[in-house]
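In the UniProt record's numbering, the protein residues as written are 1 to 502.
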Amino acid sequence: MVKSGFEYSSLMEWNETYGNIERTYYHDGEVTSNIASRGAQGNLDKTKVVPGISPYVFTQFLMDTTINVRLKDVWPNPVELINVPTILVDMSEEQKQAYEHMKESFEKAIEGAKGTPDVGKLWLSYIRTGNSYPDNMNHYPNYHLDNAERELVWSNEEFRFDEDCIQPKEKKLQEILHTEISEGRPTIIYVSDTGSTVKERDIQPRLQKVAEQVPGAKVAILRTNTVTPPKRSAWLKEQVNSGVNVIICSQELVKVGLDLLATPTLIFYQLSFSLFTLNQAARRHWRIGQTKQCRTFYLGYRETFQEQMAQLIAQKNKAAEAMNGDATSDGLNAMLGDTGDLQTLLIQNIKSGNQLKGSTEEWTQAASEESKRVLANIGKVITPVFESIEIQFTNWVKTLPSTFDVSYMEDAKFVQKAVEYIQEEKVPGVVVKQRKLEIDGNVEDIIRTLTTLNADKRMLVQKQDITLWDELIVEVDGSQKKGKGKQKNKVIEGQFEFDLFG
Numbered sequence: 001m002v003k004s005g006f007e008y009s010s011l012m013e014w015n016e017t018y019g020n021i022e023r024t025y026y027h028d029g030e031v032t033s034n035i036a037s038r039g040a041q042g043n044l045d046k047t048k049v050v051p052g053i054s055p056y057v058f059t060q061f062l063m064d065t066t067i068n069v070r071l072k073d074v075w076p077n078p079v080e081l082i083n084v085p086t087i088l089v090d091m092s093e094e095q096k097q098a099y100e101h102m103k104e105s106f107e108k109a110i111e112g113a114k115g116t117p118d119v120g121k122l123w124l125s126y127i128r129t130g131n132s133y134p135d136n137m138n139h140y141p142n143y144h145l146d147n148a149e150r151e152l153v154w155s156n157e158e159f160r161f162d163e164d165c166i167q168p169k170e171k172k173l174q175e176i177l178h179t180e181i182s183e184g185r186p187t188i189i190y191v192s193d194t195g196s197t198v199k200e201r202d203i204q205p206r207l208q209k210v211a212e213q214v215p216g217a218k219v220a221i222l223r224t225n226t227v228t229p230p231k232r233s234a235w236l237k238e239q240v241n242s243g244v245n246v247i248i249c250s251q252e253l254v255k256v257g258l259d260l261l262a263t264p265t266l267i268f269y270q271l272s273f274s275l276f277t278l279n280q281a282a283r284r285h286w287r288i289g290q291t292k293q294c295r296t297f298y299l300g301y302r303e304t305f306q307e308q309m310a311q312l313i314a315q316k317n318k319a320a321e322a323m324n325g326d327a328t329s330d331g332l333n334a335m336l337g338d339t340g341d342l343q344t345l346l347i348q349n350i351k352s353g354n355q356l357k358g359s360t361e362e363w364t365q366a367a368s369e370e371s372k373r374v375l376a377n378i379g380k381v382i383t384p385v386f387e388s389i390e391i392q393f394t395n396w397v398k399t400l401p402s403t404f405d406v407s408y409m410e411d412a413k414f415v416q417k418a419v420e421y422i423q424e425e426k427v428p429g430v431v432v433k434q435r436k437l438e439i440d441g442n443v444e445d446i447i448r449t450l451t452t453l454n455a456d457k458r459m460l461v462q463k464q465d466i467t468l469w470d471e472l473i474v475e476v477d478g479s480q481k482k483g484k485g486k487q488k489n490k491v492i493e494g495q496f497e498f499d500l501f502g
């Protein structure tokens, strides 16, 4: 970078060349945001640096010193990852009327605000409300313009719903939970509206009430202030170990640095406007050490902004995967600063009236056979088939990267002893619960504990069919004439010795 003319103090020059700069202009009475815009016309109102760098940074500065490693490169036998096609649910007639009333109110206000700075605020609020309101029609707050007059744009007072009435999307959530709980699969429900800024927008208490109606469900909510970030992993583990099988939380809380080995099912009840956040949160359960099939569900209401969001996400992920080959789109999205772009794209599509391509029928047709099977089983009670703990342990070992210790752990005698130690609760991070082996501890610590407990590695020496051992290890023949020398250096008859020069 120094050779390219950059200095430590060249911050703005760097951002102008390789970064993302957002400039907001007022043009023809409407506000438009352009990322790294160079030729926009109009009155410049605001300039700020936003996350993201140009892909050229990789080719010019990183490519010759970087090795890219994918998860499957270090996880030779990963468990199956099932991305179930997005499930779109029809709204009730009452919901449709309320939703149309909201749309008409915002569109009327936007039309009347043309030529003023308020139009940009209205568009952003319209998109956010249209995406969140269907999930919270009883408590979603009214919207007033953020100006001196506090003009009322839309009121939620006209339409009210019975609190005890389960709405269509909530019913579909219950069906998914019913099946997952019957299979003994703890589940996380992701939401976006947690009431962090406006209390009335918090849908978590409502979802807890809905989920608790499912037979066998024990529900907990993970909030920002429940535990500190370093303790969230331990908190989740404790909840599952205590019998909790449904956890509701914001996808923002777990998108980075948290492995969800204890919850093999993830349900996106709401979709984040950040594609990077969404993709990161979608794979937190699919990590080395996971022993169960991983399933990810996405829910939305048909003919709402939620459906358009799902289509945008599918299109952008498909484009990113095409650029990345078979790699995931996470890294590319992070590099491009893809955090708020979905919101901008959604506004552009609604303004232009574009019909996005893609439907649930097409997504389902393109899905894997296992995804179709999982989709078809929603709402059914599935009786799990339990394998022996020994088989479950062996299957877990097979998912680990091949090392000397891991090959040692595949031995039948080792497996037998390891299961005994696990059942005696001598291996932290590994428990047997309801005839299932649950592993949510640090993999390296588990391997170290098990190999230490099984310290007799002669079993391995005798087991391995490796010529090198035959050359290095010889048994002392006591019939041979003993030579002179210090007794303490002698090898006792029947012991093994290394013959390095044999």
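We treat Cβ as the ideally placed atom computed from N, Cα and C, and that holds for glycine. For clarity, every value in this text was computed on a predicted model and none was experimentally measured.
Margin query: Quick check on this structure: which residue in P141, A211 and F161 has the alpha carbon closest to the alpha carbon of G195?
Written below: P141
Note to self: My output table needs one value for I127: the three-state DSSP class, helix, strand or coil.
What the structure shows: Note: I127 maps to helix in three-state DSSP.
Checklist line | Supposed close pair F297, V84 - CB separation, criterion 8 Å | finding: 5 Å
Note to self: Please classify M12 as buried or exposed, where buried requires at least 16 other C-beta atoms within 10 Å of its C-beta.
What the structure shows: exposed
Next item on the list: Please look up how many angstroms separate the CB atoms of Q293 and I82, rounded, as I've assumed it's under 8 Å.
Entry: That belief holds up - the Cβ atoms of Q293 and I82 are roughly 6 Å apart, short of 8 Å.
Margin query: Using a Cβ distance threshold of 8 Å, determine whether the stretch 205 to 224 contacts the stretch 148 to 162, with at least three qualifying pairs required.
Written below: no
Note to self: By the three-class DSSP mapping on this structure, what secondary structure does P134 have?
What the structure shows: helix
Item checked: For P55, the three-state DSSP class (helix, strand or coil) -> coil
Notebook entry, point to check: K218 and V254: beta carbons closer than 7 Å?
Noted result: no
Margin query: Using only CA atoms, which one of Q251, T228, I189 and L299 lies nearest to P168?
Written below: L299
Next item on the list: Quick one: measure Cβ to Cβ for T277 and Q308, integer angstroms, because I've assumed they're closer than 8 Å.
Entry: That belief does not hold up - the Cβ atoms of T277 and Q308 are roughly 18 Å apart, past 8 Å.
Next item on the list: Kindly indicate the opening and closing residues of the beta strand (DSSP E) around K433.
Entry: V430 to K433
Item checked: Contacts around F159, its chain only, beta-carbon distance under 8 Å, and the 5 residues preceding and following it disregarded -> So the qualifying residues of the chain are E94, Q97, A98, H101 and M137.
Note to self: Helix, strand or coil, according to DSSP, for E22 in the structure here?
What the structure shows: strand
Check: Quick one: Cα of A401 to Cα of N395, how far?
Finding: The sequence given here has Pro at residue 401, not Ala. Between P401 and N395, the C-alpha separation is close to 13 Å.
Check: What's the C-alpha gap between V406 and V397?
Finding: 7 Å
Margin query: Taking 7 Å as the threshold (C-beta atoms), are I382 and S182 in contact?
Written below: yes
Checklist line | Within 7 Å, strictly: CB atoms of I110 and I347 | finding: no
Checklist line | S250, DSSP secondary structure in three states | finding: strand
Notebook entry, point to check: If you draw a straight line from the alpha carbon of N225 to that of R232, how long is it in whole angstroms?
Noted result: Rounded to the nearest angstrom, the two C-alpha atoms are 10 Å apart.
Checklist line | Status (buried if at least 16 other CB within 10 Å, exposed otherwise) for R448 | finding: exposed
Notebook entry, point to check: For V427, which option in I350, E444 and R435 has the closest C-alpha, if you only look at C-alpha atoms?
Noted result: E444
Check: Under a three-way DSSP split, which group does I203 fall into?
Finding: coil
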